[in-house]
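Here is the structure we will look at, set down as structure tokens.
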Amino acid sequence: MKQVIQSIKGTRDFYPTEMARRQWLLAQMRAVSESFGYQYYDGPCLESIDLYAAKSGEELVKEQSFVFPDRGGDLITLRPELTPTLARMVAQKQNEFTYPLRWWSFGPFWRYERPQKGRTREFFQWNIDLIGADTLAADAELIAVAAAFLQKVGLKPDQVSVRVNHRAFANERLALLGLDPEQAREMLRLIDRIDKLPADIWKERALDLGLSEAQYQAVQAILKDQDLWRESTELRGILERVEAMGFGDYVHYDPSVTRGLDYYTGTVFEVSDNFGEFRAILGGGHYGNLVADVGGKELSGVGFAMGDVVIDLVLQKYNCYPEALGEGQAVFVTVFDESLELESLKLAAQLREAGIPAMMPVQTEKLGKQLRFADRQQLPFVLVLGPDEAAQGLVMVKKLADGSQTLVPQSELIGHLKS
RNA sequence: GUGCCUGUAGCUCAAUGGCAGAGUGCUUCACUGUGGAUGAAGAUGUUGAGGGUUCGAGACCCUCCAGGCACCCCA
């Protein structure tokens, strides 16, 4: 390979094969979002750094955002997440809307971190939020949206799960053990990492927070108790609704889910594969105060975000993408020889007129080569219009998949292809 | 930002410090009205980049770039 200018680290090129997957993914997100009555929106990719200072976690803005001065010297940020933008958009027109809002979005985001499997510097994200309803039904709806998506793309409950917890409930339980609020907060962060740290190190960290041996054992007991959710009004209310909507198989209580972002106050949930092979597919939760920090009145909501990178890996692993994705759908109209080129062009034009995509060769090549090309493009049909067919007003229709050929009167071609 | 591993033909990978190779794909032909199959012939590399050690480096050393894994963080 000669010297080709390198692409920016952590970015991806979407060749037609990848673009077909991205478009399919977007179509599934759109279908699921709209099936629950959500509206499509988007904000700018460039934002003032001040927007994030109020909302996002410290590290996300200071360490992991692309920030640069524009020509006037103002600091511009490539959006690392959508929630602050959403907060601003809602706050700006807070009194114009009828609540609750049901909005969804899909677009590019940037985070300046080290690329690895499932993590790139430029990625696409599905965001979906229900704003202005502080109820268990709202939380349950978003969890159902997540489960509906999993079902829609063909992932099974034995492959992926929506794991649900409730922060206030978890805090309550920790308080009952005698942890003060600060300890409880740190403990939740530690619980979030229980799968990443070896057991002995994890215990060491827990004791470092000032926990007694008895308290440590009690925390362990909480983490092992799969039925503890029954003691939470919130979790009961959410899980019974999810069950009623038919997604009980996908959704489970999991005490180890706490989520890192500080703005989640109540229900938190994430989707992950059941074998710990991939990073979290999706993460979300209930936030008590969406817009106050950007100048609006208090408004709560629930939402989640799903990046395109991990879900793409998972969908490929479980063969969820349709077989024919990205294959050409056009009929290939061959040119037998120069004298018949115009006849073929007319035929192709008729097909397009009738809504059938038609492709024509633009180089003079032997019939064999034309067929070879059509075959490699994985086109379904090839038309051959030779002297014999032209003389009788016929056209040969060849199905490439099995090689079968049918002579069809040109007047019946469109009907033949549509059937 | 930290640690470890990797980088050879379009792709997957070989080559003890001693002439850069195989499979696959690609091009052409066998096939003058038919793709996939088969056979024959052919093309393809600054061995990621730059520097160093050496009579000699794809291999050893250094720097950089890119990718992978684990931290950190999170979609």
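Numbering that gives the first Met the number 0 numbers the first residue of the first sequence as 0 and each following residue consecutively. Where is the CB? At the ideal position from N, CA and C, for every residue including glycine. Predicted model only: the values in this text are computed from it and were never measured.
Best match in the options for proximity to residue i [C-alpha to C-alpha]
{"i": "Gly-392", "options": "Ile-355, Pro-360, Lys-345, Ile-127", "result": "Lys-345"}
{"i": "Leu-412", "options": "Leu-350, Gly-385, Leu-222", "result": "Leu-350"}
{"i": "Trp-125", "options": "Ala-198, Val-89, Ala-30", "result": "Ala-30"}
{"i": "Leu-416", "options": "Gly-354, Leu-370, Gly-367", "result": "Gly-354"}
{"i": "Ala-373", "options": "Asp-387, Phe-331, Glu-121", "result": "Phe-331"}
{"i": "Arg-166", "options": "Val-159, Gly-153, Ala-183, Pro-156", "result": "Ala-183"}
{"i": "Leu-135", "options": "Asn-164, Val-159, Leu-175", "result": "Asn-164"}
{"i": "Ser-271", "options": "Val-159, Phe-246, Gln-5", "result": "Val-159"}
{"i": "Asp-292", "options": "Tyr-317, Ala-19, Ala-86", "result": "Ala-86"}
{"i": "Ala-169", "options": "Leu-129, Ala-220, Thr-82", "result": "Ala-220"}
{"i": "Lys-116", "options": "Phe-277, Tyr-14, Asp-128", "result": "Phe-277"}
{"i": "Ala-323", "options": "Pro-356, Gly-306, Gln-376, Pro-360", "result": "Gln-376"}
{"i": "Leu-289", "options": "Phe-96, Tyr-262, Lys-151, Ile-48", "result": "Tyr-262"}
{"i": "Asn-273", "options": "Val-313, Gly-247, Arg-258, Gly-259", "result": "Val-313"}
{"i": "Ala-443", "options": "Leu-25, Ser-34, Thr-97, Ser-47", "result": "Nothing can be reported for residue 443, as the shown portion of the chain is limited to 0 through 418."}
{"i": "Pro-156", "options": "Ser-6, Gly-245, Asp-387", "result": "Gly-245"}
{"i": "Lys-397", "options": "Ala-389, Val-407, Ala-390", "result": "Val-407"}
{"i": "Ala-389", "options": "Gly-36, Gly-367, Val-334", "result": "Val-334"}
{"i": "Ala-37", "options": "Thr-76, Trp-103, Arg-70, Phe-67", "result": "Before going further, note that residue 37 is Tyr rather than Ala in the sequence given. Checking every option, the nearest Cα to that of Tyr-37 belongs to Trp-103."}
{"i": "Arg-11", "options": "Pro-114, Gln-214, Ser-32, Thr-84", "result": "Pro-114"}
{"i": "Thr-97", "options": "Gly-131, Gln-91, Arg-70, Phe-105", "result": "Gly-131"}
Short Cβ contact (7 Å threshold) for residue i with residue j
{"i": "Val-161", "j": "Tyr-252", "result": "no"}
{"i": "Ala-145", "j": "Leu-281", "result": "yes"}
{"i": "Gly-414", "j": "Leu-378", "result": "no"}
{"i": "Leu-339", "j": "Leu-399", "result": "no"}
{"i": "Arg-204", "j": "Leu-189", "result": "yes"}
{"i": "Ala-329", "j": "Pro-360", "result": "no"}
{"i": "Thr-82", "j": "Val-308", "result": "no"}
{"i": "Ser-299", "j": "Asp-138", "result": "no"}
{"i": "Leu-129", "j": "Leu-141", "result": "yes"}
{"i": "Val-152", "j": "Gln-27", "result": "yes"}
{"i": "Pro-254", "j": "Leu-208", "result": "no"}
{"i": "Phe-65", "j": "Trp-109", "result": "yes"}
{"i": "Val-267", "j": "Val-256", "result": "yes"}
Helix, strand or coil at residue i according to DSSP, with G and I counted as helix
{"i": "Gln-492", "result": "Any property of residue 492 remains undetermined from this structure, which presents the chain solely from 0 to 418."}
{"i": "Gly-402", "result": "coil"}
{"i": "Ile-4", "result": "coil"}
{"i": "Tyr-262", "result": "coil"}
{"i": "Gln-38", "result": "strand"}
{"i": "Leu-77", "result": "strand"}
{"i": "Arg-101", "result": "strand"}
{"i": "Glu-411", "result": "helix"}
{"i": "Asp-456", "result": "Absent from the structure is residue 456, since the part of the chain shown begins at 0 and ends at 418."}
{"i": "Glu-46", "result": "strand"}
{"i": "Lys-155", "result": "coil"}
{"i": "Ala-323", "result": "coil"}
{"i": "Ala-357", "result": "strand"}
{"i": "Phe-65", "result": "strand"}
{"i": "Phe-108", "result": "strand"}
{"i": "Lys-365", "result": "coil"}
{"i": "Lys-397", "result": "strand"}
{"i": "Val-89", "result": "helix"}
{"i": "Phe-96", "result": "coil"}
{"i": "Tyr-252", "result": "strand"}
Limits of the beta strand (DSSP E) - the one that residue i falls within
{"i": "Val-163", "result": "159 to 165"}
{"i": "Asp-128", "result": "121 to 130"}
{"i": "Val-301", "result": "300 to 306"}
{"i": "Val-293", "result": "Careful: Val-293 lies outside any beta strand (DSSP E) and carries neither H nor E."}
{"i": "Val-334", "result": "Element bounds for Val-334: n/a, residue is neither H nor E."}
{"i": "Gly-284", "result": "281 to 286"}
{"i": "Val-381", "result": "380 to 383"}
Where residue i falls, given that 16 or more other Cβ within 10 Å makes a residue buried
{"i": "Val-301", "result": "buried"}
{"i": "Thr-363", "result": "exposed"}
{"i": "Phe-122", "result": "buried"}
{"i": "Pro-99", "result": "buried"}
{"i": "Leu-74", "result": "exposed"}
{"i": "Gln-369", "result": "buried"}
{"i": "Pro-79", "result": "buried"}
{"i": "Phe-13", "result": "exposed"}
{"i": "Gly-294", "result": "exposed"}
{"i": "Asp-49", "result": "exposed"}
{"i": "Arg-258", "result": "buried"}
{"i": "Glu-95", "result": "exposed"}
{"i": "Gly-72", "result": "exposed"}
{"i": "Ser-211", "result": "exposed"}
{"i": "Met-18", "result": "exposed"}
{"i": "Ile-127", "result": "buried"}
Extent of the continuous alpha helix (DSSP H) to which residue i belongs
{"i": "Phe-148", "result": "135 to 151"}
{"i": "Leu-346", "result": "340 to 352"}
{"i": "Lys-223", "result": "212 to 223"}
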